[in-house]
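In UniProt numbering, the protein residues as written are 1 to 290.
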């Protein structure tokens, strides 16, 4: 009833909320993406997206289809592996940025390990900039991280805005430097925060530096300062800094999957894990754990 290729296209559109970005991710023409979604809607007898010239949003039926699509594709993959006799093996060195510490990424990794028990998955959690460096040096096979604005590499998982966040009770004194809570170099959000404040001519000082997201959150909850963070991943207990504080816009950020350049025995396993993350990508920034 439901064509797997149509379901994959549906998930790509649901994750990016853009037919154009979904087409780029899948290597398809935009007209083909529209056709796949239309055929899936015809098969379901329901409208899955509400769309106009400016935006794409999931309908209530579209939200329901997300879970069904993931499960159908998962079973389809399991059946394919069973009947073709292909089993992934080897060591897969996977790097995920600190941004995903509080998300449901562990559930995706758990599902991958269940489907591919003979893959030795080695997880590294680090700053996005550090992960890109380790990937370039051949020490990782696959990375899930932010990319720098000028960097075209990587397969888009989702696009988000960067915002200033802090404790709800925090009040910034406009006559004093902005207290910043930041990752150490080569943190990408650190550099973007500095650049935005310098463009505005706003003085700042570093109130806390930590390579751990939990360390940054603890400092922010204590009211030590503000931090630049993905709008879709704001941790519990912290809120967006109101516009009246006068802080500059931080711009946007892409979360991407990047494969290593060197062909290794883990190539097939890396591609399978990338597919699992793309299929469940909305779980990384929806319904995150409290």
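Ideal placement from N, C-alpha and C gives every residue a C-beta, glycine not left out.
- In the three-state DSSP reduction, residue 178 falls in the strand class (E or B).
- Our two residues, residue 113 and residue 97, have alpha carbons roughly 19 Å apart in a direct line.
- In the DSSP annotation of this structure, the continuous segment of the alpha helix (DSSP H) that includes residue 115 starts and ends at 105-115.
- Taking a C-beta distance under 8 Å as the contact criterion, residue 257 and residue 226 do not qualify as a contact pair.
- Runs of alpha helix (DSSP H) with 4 or more residues, each lying fully within the segment 183-266, are found at 188-200 and 213-221, listed in chain order.
- Closest by C-alpha distance to residue 222, out of 138, 166 and 62, is 166.
- Per the coordinates, the alpha-carbon of residue 53 lies some 29 Å from the alpha-carbon of residue 277.
- Using a Cβ-Cβ distance cut-off of 8 Å, the segment 266-280 and the segment 200-213 are not in contact, since fewer than three pairs of beta carbons, one from each stretch, lie closer than that value.
- Note on geometry: alpha-carbon atoms of residue 77 and residue 192 lie some 40 Å from one another.
- Scanning the segment 117-172 for uninterrupted alpha helix (DSSP H) segments of 4 residues or longer gives 128-136, listed from N- to C-terminal end.
- Under the three-state reduction of DSSP output, residue 26 falls in the helix class.
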